[in-house]
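Student: Residue numbers (the working numbering): 2 to 302. Note that CB positions come from ideal geometry on N, CA and C, so glycine has one too. There's a structure below that I have some questions on.
Following this line, the structure appears as C-alpha cells:
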C-alpha cells in the first residue's frame, strides 16, 4: 500500500507499457523491457532524494485505465509520465495531468503534439534552419526512385518499430501494407547518435552524447545496444545544437532525447523524443548524474 507523506513531495510515476493498456495485451518485447528499465532507473534516482516520496502507479484491471490514472493523480503533487508517442498516448496522459492542475515533470502536451509527429518536427526544424533529414508523407501512388535507398516509418512511431529500409525493387514489392500514416526519408549512412538533454524555457543542458548500434534484419531494424556517454563534446557542437533545438521548440521541458545521424561532414537531426529514452537508464551509473534531482530543481526554480 502506498504511504503518502505530508512534508514530502509525492511523485506519481506512470509507465504506460508495463503498467497500463499493454499490460492487458501482448507486450511488445522491446517496449516492455525498455519501460521496466526506465521505471527502475527513475525509482533509483528518486530514492536518493530525501524530500521525495515516489511510487509507480499500480496496475488495475477492473476499471478503465484513464479513470484509474486520474484517481491516482489526486494523491500526487507531481506526475512523471513514461509512454510512447504513437497514437497520441503520451500527449493524452500529459493532458490529463495538466487538466488536474498537478505538476507534469515531462514536456507539456503542446511540445509532445509537435515532436511526436515526425513531419511537423521536420517542418519546425526547417523553419529554424537546423539541418535535418528530408521528410515527406509516404504516398502509395507516388513513383519513387527505387534505385535509391529509402526509409519508411510511422509518422508517430517510437524507436525502430515498423521502420523499413527499402534498397531495391524487390524490397518495394515485398514491403508490408501500411495501415496508418507513414513518412518517407532518404536513407543516410552515418553514425546513429543520441543526445540526452535537459530543457527548460528555451534553454538546453547537454548531459551526454550516446552511440546507438542497430541490427538490420532484412528490411527491418532493431536496437542492439547503446553506448551511453560514448564521446565528449570537445568542440561544443552538440551543446550548440541542443540550444538551437531549445530555441526552436521552447515548450520542451525536462529530460529530452535527440536522435541524430552523424556523417563525416554533417550532423542531421532525425527525431526529438519529449520523454525518457533508453539512454536515461545508464546515466546515473555511467556519469553519476541524478536526472530526477535535476528535473526537480527545474520545477523548484
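In terms of residue numbering, what span does the beta strand (DSSP E) encompassing residue 61 cover?
Tutor: To locate residue 61, count along the chain shown from 1; it is residue 60. Neither: residue 61 is in no beta strand (DSSP E) and is coded neither H nor E.
Student: Hey, is the stretch 251-270 in contact with the stretch 183-203, meaning 3+ C-beta pairs nearer than 8 Å?
Tutor: Yes, since at least three Cβ pairs between the stretch 251-270 and the stretch 183-203 fall closer than 8 Å, the two stretches touch.
Student: How big is the Cα-Cα spacing for residue 139 and residue 118?
Tutor: By 1-based counting over the chain shown, the position of residue 139 is 138. By 1-based counting over the chain shown, the position of residue 118 is 117. Each residue's alpha carbon lies about 14 Å from the other.
Student: Are three or more beta carbon pairs between the stretch 64-79 and the stretch 99-106 nearer than 8 Å?
Tutor: Touching, yes, given that three or more Cβ pairs across the two stretches are closer than 8 Å.
Student: Using a 10 Å radius around the Cβ and a threshold of 16 neighbouring Cβ atoms, would you call residue 3 buried or exposed?
Tutor: The sequence position of residue 3 within the chain shown is 2, counting from 1. For residue 3, the predicted model reports a pLDDT of 48, less than 50, meaning its position is unreliable and no value from the coordinates is stated.
Student: Here's a check: name, in chain order, each residue in its chain whose Cβ is nearer than 6 Å to the Cβ of residue 153, leaving out the five neighbours to either side.
Tutor: Sequence index remark: in the chain shown, residue 153 carries index 152 (1-based). Counting only Cβ-Cβ distances below 6 Å, and skipping sequence neighbours, we find 139, 165, 183 and 185.
Student: Between the beta-carbon of residue 226 and the beta-carbon of residue 242, is there less than 9 Å?
Tutor: By one-based count along the chain shown, residue 226 stands at place 225. By one-based count along the chain shown, residue 242 stands at place 241. Cβ atoms of residue 226 and residue 242: not closer than 9 Å.
Student: Figure out for me which residue from 40, 67 and 132 has the closest Cα to the Cα of residue 57.
Tutor: On the chain shown, position 56 is the one that residue 57 refers to. Closest by alpha carbon: 40.
Student: Could you pull out every residue in the same chain whose Cβ sits closer than 6 Å to the Cβ of residue 86, ignoring the five residues on either side in sequence?
Tutor: Translated into the one-based positions of the chain shown, residue 86 becomes position 85. 117, 157 and 159, listed in sequence order.
Student: So what does residue 260 bridge to, in DSSP terms?
Tutor: Position 259 of the chain shown holds residue 260. Answer is 195 and 272.
Student: If contact is defined by three or more beta carbon pairs under 8 Å, each pair taking one atom from either stretch, is the stretch 262-273 in contact with the stretch 285-300?
Tutor: Output reads no: the stretch 262-273 does not touch the stretch 285-300.
Student: Please state the DSSP three-state secondary structure of residue 123.
Tutor: If you number the chain shown from 1, residue 123 lands on position 122. Residue 123: helix per DSSP, three-state reduction.
Student: Expressed to the nearest angstrom, what Euclidean distance is found between the alpha-carbon atoms of residue 125 and residue 251?
Tutor: As a working mapping, residue 125 is identified with position 124 in the chain shown. As a working mapping, residue 251 is identified with position 250 in the chain shown. About 11 Å.
Student: With DSSP as the reference, label residue 154 as helix, strand or coil.
Tutor: Along the chain shown, one-based indexing puts residue 154 at 153. It is a strand residue.
Student: Can you tell me where the beta strand (DSSP E) with residue 70 in it begins and where it stops?
Tutor: If you number the chain shown from 1, residue 70 lands on position 69. Premise fails: residue 70 lies in the alpha helix (DSSP H), 66-74, not in any beta strand (DSSP E).
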